[in-house]
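K.L.:
Residue numbers (my numbering): 65 to 343. Here it is, the structure in full.
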């Protein structure tokens, strides 16, 4: 029995240490961004742009505000310091300027970076209600809906941090099991270790799932007023259905200047790449 316990502990440490190392890579990115944001050389210019964009927004010069936020986004991407707040404010400026497609695009980008933010979700739902298309989503399995709902409570960086904390607690349980003589303490540590081991796995799955979604960018927003979806990547092919500005589509494939897309109800067709923008 003792041999099985020790073997189980070795397996826990092996799998958790591998997962935590990968999670630590995600967390380090956030720390680097925080350090760069506070640097004297770039912080002054960024703060100046942000203040000017916010001032233009308050003065109801939404077009100017959007231009300044776009400049801020470009600079932030170059220095790897882009944040959900910038995309959120840019989305607000575009929404007030009646550019619905660009507003939804930037709300979606903000949501990728911070899926647990209630303000972003509220504004995105509000903007979607202004779109012309009303597409009924295909039904998903209960487990899929539950997984997405729980996963999107926090960002990938937060899940990675939680995973690291749980792993440290797991190490405490292992130490208690190996070095404490009291039987009740060893049993408690053993069963708590099993629970913590499972939670470390779950938090890493959430973190990696969000990171993959953020990196692969498989979705896009229709940016033109109205566009016909074709049966094949050919301008002269049959027209299947029409989509309007602000509709979200999933990109399945690409061919030259065309994307094969899928909408929420499962319908599939081809769109010109010029009519959509990747989230």
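Yeah, the Cβ is synthetic: ideal placement off N, Cα and C, and Gly gets one too.
How is the beta strand (DSSP E) around residue 284 delimited, first residue to last?
P.N.:
Taking the chain shown and counting its residues from 1, one reaches residue 284 at position 220. Its beta strand (DSSP E) spans residues 283-286.
K.L.:
Measuring straight from C-alpha to C-alpha, what distance separates residue 287 and residue 214?
P.N.:
Here residue 287 corresponds to residue number 223 of the chain shown, with the count starting at 1. Here residue 214 corresponds to residue number 150 of the chain shown, with the count starting at 1. Rounded to whole angstroms, residue 287 to residue 214 spans 31 Å at the Cα level.
K.L.:
Output the distance between the C-alpha atoms of residue 296 and residue 321, rounded to the nearest integer angstrom.
P.N.:
Taking the chain shown and counting its residues from 1, the one referred to as residue 296 is at position 232. Taking the chain shown and counting its residues from 1, the one referred to as residue 321 is at position 257. Each residue's alpha carbon lies about 12 Å from the other.
K.L.:
Go to residue 342, then tell me how far its alpha helix (DSSP H) extends in each direction, as first and last residue.
P.N.:
Along the chain shown, one-based indexing puts residue 342 at 278. Here residue 342 belongs to no alpha helix (DSSP H); instead the beta strand (DSSP E) covers 340-342.
K.L.:
Short of 6 Å in beta carbon distance, which residues of its chain neighbour residue 175, apart from the five on each side in sequence? Order them along the chain.
P.N.:
As a working mapping, residue 175 is identified with position 111 in the chain shown. Contacts found: 184.
K.L.:
Evaluate residue 173 with the Cβ neighbour count: other Cβ atoms within 10 Å of its Cβ, from every protein chain shown; 16 or more gives buried, anything less gives exposed.
P.N.:
Stepping through the chain shown from its first residue, residue 173 is reached at position 109. By the neighbour-count rule (16 or more Cβ atoms within 10 Å), residue 173 is buried.
K.L.:
Considering only C-alpha positions, which residue in the set 120, 258, 266 is nearest to residue 241?
P.N.:
Counting from one through the chain shown, the residue named residue 241 turns up at place 177. Ranking 120, 258, 266 by Cα distance to residue 241 puts 258 first.
K.L.:
CA-CA distance, residue 343 and residue 246?
P.N.:
Residue numbering aside, residue 343 sits at position 279 when the chain shown is read from its first letter. Residue numbering aside, residue 246 sits at position 182 when the chain shown is read from its first letter. Looking at the two C-alpha atoms, the distance is approximately 56 Å.
K.L.:
What separation, rounded to the nearest whole angstrom, lies between the Cα atoms of residue 238 and residue 268?
P.N.:
Stepping through the chain shown from its first residue, residue 238 is reached at position 174. Stepping through the chain shown from its first residue, residue 268 is reached at position 204. Distance between the alpha carbons of residue 238 and residue 268 is about 20 Å.
K.L.:
Can you tell me where the alpha helix (DSSP H) holding residue 152 begins and where it ends?
P.N.:
Your numbering for residue 152 matches position 88 in the chain shown. Start and end: 148-160.
K.L.:
Please give the ranges of any alpha helix (DSSP H) in the stretch 167-202, keeping only runs that are unbroken, at least 4 residues long and fully inside the region.
P.N.:
Runs found: 182-192.
K.L.:
If you run the structure through DSSP and keep just helix, strand and coil, what is residue 331?
P.N.:
For this step, residue 331 is matched to residue 267 along the chain shown. Residue state, collapsed to three classes: coil.
K.L.:
Apart from the five residues on each side of it in sequence, which residues of its chain come closer than 7 Å, Cβ to Cβ, to residue 282?
P.N.:
Taking the chain shown and counting its residues from 1, the one referred to as residue 282 is at position 218. Cβ neighbours of residue 282 beyond the five flanking positions: 314, 315.
K.L.:
Terminal residues of the continuous alpha helix (DSSP H) containing residue 274?
P.N.:
One-based indexing of the chain shown puts residue 274 at position 210. From DSSP, the alpha helix (DSSP H) with residue 274 extends over 247-280.
K.L.:
Ordered along the chain, which non-local residues of its own chain (more than five positions away) have a Cβ less than 8 Å from that of residue 201?
P.N.:
Locating residue 201 in the chain shown gives position 137, where the first residue counts as 1. Contacts found: 328, 329.
K.L.:
For residue 163, write down the residues that DSSP places opposite it in a beta bridge.
P.N.:
What you label residue 163 is simply residue 99 of the chain shown in a count that begins at 1. Residue 163 is not bridged to any residue.
K.L.:
Return yes when the Cβ of residue 187 is within less than 8 Å of the Cβ of residue 165, no when it is not.
P.N.:
Working through the chain shown from its first residue, we reach residue 165 at position 101. Working through the chain shown from its first residue, we reach residue 187 at position 123. No, they are not a contact pair.
K.L.:
In the DSSP assignment, what residue or residues form a beta bridge with residue 322?
P.N.:
Position 258 of the chain shown, counting from 1, holds the residue named residue 322. Per DSSP, 319, 336.
K.L.:
Do you know offhand how far residue 98's Cα is from residue 306's?
P.N.:
Here residue 98 corresponds to residue number 34 of the chain shown, with the count starting at 1. Here residue 306 corresponds to residue number 242 of the chain shown, with the count starting at 1. Summary for residue 98: the model assigns pLDDT 31, below 50, so the residue's position carries little reliability; its value from the coordinates is reported in the next sentence. Rounded to whole angstroms, residue 98 to residue 306 spans 44 Å at the Cα level.
K.L.:
Could you compute how far the alpha carbon of residue 251 sits from the alpha carbon of residue 244?
P.N.:
Position 187 of the chain shown holds residue 251. Position 180 of the chain shown holds residue 244. Roughly 10 Å separates the two Cα atoms.
K.L.:
Taking all protein chains shown into account, decide if residue 210 is buried (16 or more other Cβ within 10 angstroms of its Cβ) or exposed.
P.N.:
Sequence index remark: in the chain shown, residue 210 carries index 146 (1-based). Exposed, since its Cβ has fewer than 16 Cβ neighbours within 10 Å.
K.L.:
Is it true that the CB of residue 289 sits closer than 8 Å to the CB of residue 309?
P.N.:
Taking the chain shown and counting its residues from 1, the one referred to as residue 309 is at position 245. Taking the chain shown and counting its residues from 1, the one referred to as residue 289 is at position 225. The answer is yes: Cβ separation under 8 Å.
K.L.:
Hey, could you find the ends of the beta strand (DSSP E) residue 303 is sitting in?
P.N.:
Residue mapping note: residue 303 aligns to position 239 of the chain shown, counting from 1. Residues 303-308.
K.L.:
Report all residues from its chain with a CB closer than 6 Å to the CB of residue 103; omit the five preceding and five following residues, and keep chain order.
P.N.:
As a position in the chain shown, residue 103 is number 39, starting the count at 1. The predicted model places residue 103 with a pLDDT of 36, which falls under 50 and marks its position as unreliable; any figure quoted below should be read in that light. Closer than 6 Å at Cβ, skipping near neighbours: no residue.
K.L.:
Which residues in the same chain as residue 325 place their Cβ atom closer than 8 Å to its Cβ, once the five residues preceding and following it in sequence are excluded?
P.N.:
Translated into positions along the chain shown, residue 325 becomes position 261. Closer than 8 Å at Cβ, skipping near neighbours: 284, 293, 313, 314, 315, 316, 332, 333, 334, 335, 340.
K.L.:
Alpha carbon to alpha carbon, what distance is there between residue 248 and residue 277?
P.N.:
The count along the chain shown starts at 1 and reaches residue 277 at position 213. The count along the chain shown starts at 1 and reaches residue 248 at position 184. One C-alpha to the other measures close to 44 Å.
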